[in-house]
Structures are given as structure tokens and as C-alpha cells.
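Q:
Residue numbers (this note's numbering): 504 to 1050.
#1: Report yes if the C-beta distance between residue 1047 and residue 1019 is below 8 angstroms; otherwise report no.
#2: Span of the beta strand (DSSP E) holding residue 749?
#3: Please specify which runs of the beta strand (DSSP E), each continuous and at least 3 residues long, are wholly inside the segment 913-949, giving them in chain order.
#4: Give the list of continuous alpha helix (DSSP H) stretches no shorter than 4 residues that lie fully inside the segment 823-911.
#5: Along the beta strand (DSSP E) that carries residue 557, what are the first and last residues, could you check?
#6: Going by alpha carbons, who is nearest to residue 813 out of 776, 527 and 558?
#7: Which class does residue 744 belong to by DSSP, given the choice of helix, strand or coil?
#8: Can you name the residues that DSSP bridges to residue 975?
#9: Starting from residue 647, follow its DSSP beta bridges and name the residues at the other end.
#10: Nearest CA to the CA of residue 556: which residue from 942, 1049 and 904?
#11: Decide if the segment 782-793 is in contact with the segment 665-683; the criterion is three or more beta carbon pairs, one per stretch, under 8 angstroms apart.
#12: Cα-Cα, which of 872, 574, 830 and 617 is closest to residue 817?
#13: Can you tell me which of 803, 1044, 648 and 535 puts its alpha carbon nearest to the alpha carbon of residue 607?
#14: Which runs of the beta strand (DSSP E) spanning at least 3 residues fall entirely within the segment 669-700, listed in chain order?
#15: Return the first residue and the last residue of the alpha helix (DSSP H) that residue 1000 is part of.
#16: State the start and end residues of the unbroken alpha helix (DSSP H) segment that holds residue 706.
#17: Put residue 551 into one of helix, strand or coil per three-state DSSP.
#18: What's the gap between the Cα of residue 504 and the Cα of residue 683?
#19: Out of 861, 1015, 690 and 792, state which residue places its alpha-carbon closest to the alpha-carbon of residue 985.
#20: Distance, Cα to Cα, residue 872 vs residue 597?
#21: Near residue 779, which residues of its chain fall below 8 angstroms by C-beta distance, leaving aside the five closest residues on each side in sequence?
#22: For the segment 957-967 against the segment 928-937, do three or more pairs of beta-carbon atoms, one drawn from each stretch, fall closer than 8 angstroms, so that the two count as touching?
#23: Have a look at the DSSP bridge pairing and note the partners of residue 781.
#24: Leaving out five residues on either side along the sequence, give the residues of the same chain with a beta carbon under 6 angstroms from the beta carbon of residue 712.
#25: Straight-line CA distance for residue 917 to residue 588?
#26: Closer than 6 angstroms by C-beta to residue 861: which residues in its own chain qualify, once you throw out the five before and the five after it? Chain order, please.
#27: In terms of residues, what are the limits of the alpha helix (DSSP H) holding residue 563?
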């Protein structure tokens, strides 16, 4: 194979042709028929792990398909790859390092150098949280900290923001957490309007302490404090950092004792379990932060020990591969039927698309097959009144993950029952559909004339036979959310193994950052690079109001 020969997964897996044959046989089958023929289908195609229940019965799967997918996993050496990840092997081959995010949620006594670093950081976090919650840490006027503003972007924002919101009922109310990511000054301004300078603490979360958006917002926040009466000598009372660049944070004005570490062996999108989770610990308390970690650890143990046919993240990865490479799916919808989880699809976008958005395989050969899917979604039941129309009657193949809970933490049980019903009914409708005959009979029963029923019935046909998973959580607790996040982390890694790509570098985001810095400098100087394209030149002229 030459350097320019596109990689086809079919060339690597003997069972690929079996799956292609399976796909053809499914042209003559329907999911609804599968349920009619086997009343026990849901029990057979479901499993539980780490407090989560997965119903994957509404997928185009039978024993033959599952056997072929399991063989694919065996040929890809997926069990060995999972163990390699958890044992600290160099799974990030392009950057020559392990991906040790699972070490961030170890339980018990530290068993490695990395786990000891984690334990030390957790102890530092615990002391800091206690200082804030007890009021020992004070602002420049001597009062306690009431508001904490996390300034970060990407993995330094999406994970903590999602968790704090998802676990709203567990918030301690001793401090209020806010998040600023966008470099748009409106984002920072909206938060600063809600807080008092004398009682506000800023967390600057940036591994390099040079991320454009984060440092711009941090400098603006620093200026706001100074403009509102904070003496220069007291800036350290209102800033802490999470960074690997202690020198840069100190130069900013942050006391070295208040700088929490980040490590190269943890990627940003996998880092909420580390000191990046400081706003989580401050908002929810250290006990709940550790419960989140414990839930993730339980899923780590399941991923490590369960056989492929009963391994939840591996099965979800295989199902996704089945639809992306054999059914033509290009997107996947993730629909949490929980208001407080409305950030979860956005969080998964980074986790999945930054990990799997690749066009070369691990050895640098170009890919000829689909890599990652486009991940999207919104909280239920809002989506039912917007994009679900496309899911039900559109021409796209869109696998769906529904996520729901059995128990709520609010005082409106009737509404929670109705929400659960909405979730289950949507998955049922996608699978079941409505035939032309059913549509016509429905219209006739409503008093429509036969001629009008014939005219309208085609518009009311719902094809059905559309796939979905349903993930059920008893109650949205820190443990359950930790397990859910870890489930998707492991699913993404499993997909990368199956597709022979590296899930842990993300160099595709760098070019835009580099050009953004150059363009900003050109806007300041008024001297754009004459070799830039005419579109860029014209846009810069318009911003500078030049003729």
C-alpha cells in the first residue's frame, strides 16, 4: 500500500463482507416485524451497567448481525485496545503519550505516579473548596466569595458547564457558578452584570495559559476588578488558575499556591475529572465531585471486564459503525429528556467530533471510509416541535440516542410521567411508523371523503423502521452522570479503534487559531498579508471601515 492509497476498512476485516450481506437481508425486514415475531426481543437486546440501562432492541440487529459485529470487534482487537487504554499504554501514537483520563477517577489508594498526582490535586481542591465554602477565603473587602466565574473554552468549559447544570438539584448554594467561554465580550458582560466584584472569584482554565479567548476574557475580568475598586495587591484574592504554565499564571498576578495542575496525558475534552472540574466541586461540593468520579470509575471497570457482547460502550460503538458504514448515516441525534441535561449534546459534540473528525488512520494513510458522525440534539420534548419532523418523515438515516430518567427531583410528578411518555413514544413512533393504509383509514374515521383521503394519505405516511437506543437512568445523580459521561468516552475510543484512527489528537483546530492571531494583528496594524485571498482582504477592509 502506497502513501496515497486510501484505506478501506473492508480490506482489514474479514467479516466486512458478512456485514454487507447482513445489510442486504435487512432490506426485506422491518423492526416492527422483529418485535412481533419475538415478544422477548427487548429483554434479549438490553443490558445494565454502572447504574445505566441500555435498550438497543430498536436497531436493525439480530443474532447473525450481532455475531458479525462481535467478530469485527475481535478482528480489531478491541478488548486488547480497551485494556491498553486503561493500563496506560501509548494509545495517542501521534503525540507519543498515553491517554490517562481514567486515572483521574481512580478509587482507593494511588497505585501509580499519575494516580498520586491526582490524589495530591484532589486534596488541594478539597482544601480550596472548604476555604471558599467556609468563608475563610475572602475578597478584597474582607467578605466571602459568593460567585465563581470559570473562564475557559472547549474542554475547559463544556464539561464543567454541562455537569453543573445537569446536577442543579445538588448545587450547594454557597457559591454560584458562572461560565464564560466565547471571546465575544457580550458573554463576559452578561456574567459581570450579575456579580459583585468584591465577592467574585475567577478561575482561569487554560493548559497553556495562552488560549486567545480565555486570556482575553481573563484580562478583561482583571481590568473590571481594578476599575471597581480592587487594589492591584489584592488581585490574587480573586483569581486562581488551572494550567501547566505556572510562570504565565504568576505573571498574570495569580499566586503560585493557587495554581492547579494540568497534565499532557489528559486531553481537554476528557479533563472535567481533573482540576478543570474545580467549578463542579465548588458548586456541588467535593463529595458530589467524588461521586461523579466514582460513577465514571464504575463504567471504566465495566468497559474493562465485560465481554464484547455485553459491553455497553463497545456495543454502542459497533451499532454506530453499523449505521455509519453500512446504512449511510452521516449524523447522530442525542436527545436527553431532561431539562437540566440540555448542554449534554453540546458536550458530546466536542467529545465525539474532536476525537473522530479525522481523514487519516493511525499510520497516516488516508481514509476512504466515513470517520466520525455529526453529533447534534436538544433536550426533549422541545425537539418534538422542531426537528423531529425530519427524523420521522425525512429521507435521512439518523440513528438516535434517547436518554431519560425514571425519577425526577422536582415536585411535579405528573409532568415527569408525561415527559417519560414523550420519550418512549418518540422511539416507538420512529420504529413503528404509519402505513399508507393506516393513514387512509385514520382520515376516513375522521369523516374525510374517500377521494380526499386518497389525496392526503401519502402525506401522512411515516416510514418507520428507524433506529434508536434508549438509555435509562433511575435518577440523575452524580454517580449516574459520571457513568453516562464515561460510557460515551469509552464509546468514542472504541469507535476510533474500529475505524483505525487516533482519538486523542486534534490538530485540525490549530490552523484557524494561528490564522486568527495573524488576522487580529493585521486588524491592529492595518497591514494585512498581501498574499491573503481577496475575500479575507475585503472583510478586513470592511471591519476597519476602509474604502
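Positions of the beta carbon are idealized from the N, C-alpha and C atoms, including for glycine.
A: Reading from the atomic positions:
#1: For residue 1047 and residue 1019, no; Cβs fall outside 8 angstroms.
#2: Careful: residue 749 lies outside any beta strand (DSSP E), inside the alpha helix (DSSP H) at 749-755.
#3: Restricting attention to beta strand (DSSP E) runs no shorter than 3 residues, the segment 913-949 encloses none.
#4: Within the segment 823-911, the runs of alpha helix (DSSP H) that reach at least 4 residues and sit entirely inside it are, in chain order, 847-851 and 891-896.
#5: Note, residue 557: beta strand (DSSP E), 555-558.
#6: Closest by alpha carbon: 558.
#7: Reduced to three states, the DSSP call for residue 744 is strand.
#8: According to DSSP, residue 975 bridges with 556 and 907.
#9: Per DSSP, 641.
#10: Of the candidates 942, 1049 and 904, the one whose C-alpha sits nearest the C-alpha of residue 556 is 904.
#11: Touching, per the Cβ criterion.
#12: For the set 872, 574, 830 and 617, the Cα lying nearest the Cα of residue 817 is the one of 574.
#13: When each option's Cα is compared against that of residue 607, the closest is 803.
#14: Counting only runs of 3 or more, we get 679-683.
#15: First-last of the alpha helix (DSSP H) with residue 1000: 981-1002.
#16: Boundaries around residue 706 are those of the beta strand (DSSP E), 703-708, since no alpha helix (DSSP H) includes it.
#17: It is a strand residue.
#18: Note on residue 504: pLDDT 44, under 50, position unreliable in the model; no value is reported.
#19: Ranking 861, 1015, 690 and 792 by Cα distance to residue 985 puts 792 first.
#20: Each residue's alpha carbon lies about 20 angstroms from the other.
#21: If we look at residue 779 and ignore the five residues flanking it on each side, its Cβ neighbours are 655, 658, 659, 662, 663, 708, 745, 765 and 771.
#22: The way I'd put it, the segment 957-967 does touch the segment 928-937; three or more beta-carbon pairs between them come closer than 8 angstroms.
#23: Residue pairing for residue 781: DSSP places it in no beta bridge.
#24: Correct list, in chain order: 746, 748, 751 and 752.
#25: Between residue 917 and residue 588, the C-alpha separation is close to 44 angstroms.
#26: Closer than 6 angstroms at Cβ, skipping near neighbours: 874 and 1004.
#27: In the DSSP assignment, residue 563 falls outside any alpha helix (DSSP H), carrying neither H nor E.
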